[in-house]
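Position one of the sequence shown corresponds to residue 595 (the working numbering), numbered consecutively onward.
In this text, a Cβ means the ideal position worked out from N, Cα and C, and glycines have one as well.
Note that the coordinates shown come from a computational prediction; the quantities given were computed from them, not determined experimentally.
Notes follow once the structure below has been shown.
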Amino acid sequence: MISEVSIITGVPELVILESRKNPICEIRQLYWKLMREHGYFYQEIARLSGKRNHATIILGIRHIDGIIKTDKQMAQLWEQIKKIENGRKIKCFDKRQCEKI
Numbered sequence: 595m596i597s598e599v600s601i602i603t604g605v606p607e608l609v610i611l612e613s614r615k616n617p618i619c620e621i622r623q624l625y626w627k628l629m630r631e632h633g634y635f636y637q638e639i640a641r642l643s644g645k646r647n648h649a650t651i652i653l654g655i656r657h658i659d660g661i662i663k664t665d666k667q668m669a670q671l672w673e674q675i676k677k678i679e680n681g682r683k684i685k686c687f688d689k690r691q692c693e694k695i
């Protein structure tokens, strides 16, 4: 799903997963929200996103939910992203983490 989010936003996958700049963080949080809506557990999302713990994912999703409610552009972007199907094409930040799934 990260590939599809990357295509929709025009932001490379590794930048989505690594950048700490605000607009990119919000794209990453949309990605987490998408994964959660497709049935991934918080810990699984954290593992697939790098070295974040599940609390980071919970707070990030809460944060982006608030932004979606108040920011029309972010709401429109979410509408596009949430159409991504769950093909369970998992791309991991750390290949060692993929082996655990």
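Integer Cβ distance of residue i from residue j, believed to fall under 8 Å
i      : j      : result
ILE610 : SER600 : 6 Å
ALA640 : ILE658 : Going by Cβ atoms, the distance from ALA640 to ILE658 rounds to 15 Å, so no, they are not a contact pair.
ILE675 : LEU628 : 6 Å
GLY654 : GLN623 : 4 Å
Continuous alpha helix (DSSP H) stretch holding residue i: start and end
i      : result
ASP659 : 648-664
GLU679 : Counting along the chain, GLU679 falls outside any alpha helix (DSSP H), and DSSP gives it neither H nor E.
LYS627 : 616-631
SER597 : 596-603
Of the listed residues the options, nearest to residue i (C-alpha basis)
i      : options                           : result
SER643 : ILE658, LEU653, TYR625 and HIS632 : TYR625
Close-in-space but distant-in-sequence residues of the same chain around residue i (CB under 6 Å, 5 per side omitted)
i      : result
ASN647 : ALA640
GLN637 : HIS648
MET668 : ILE661 and ILE662
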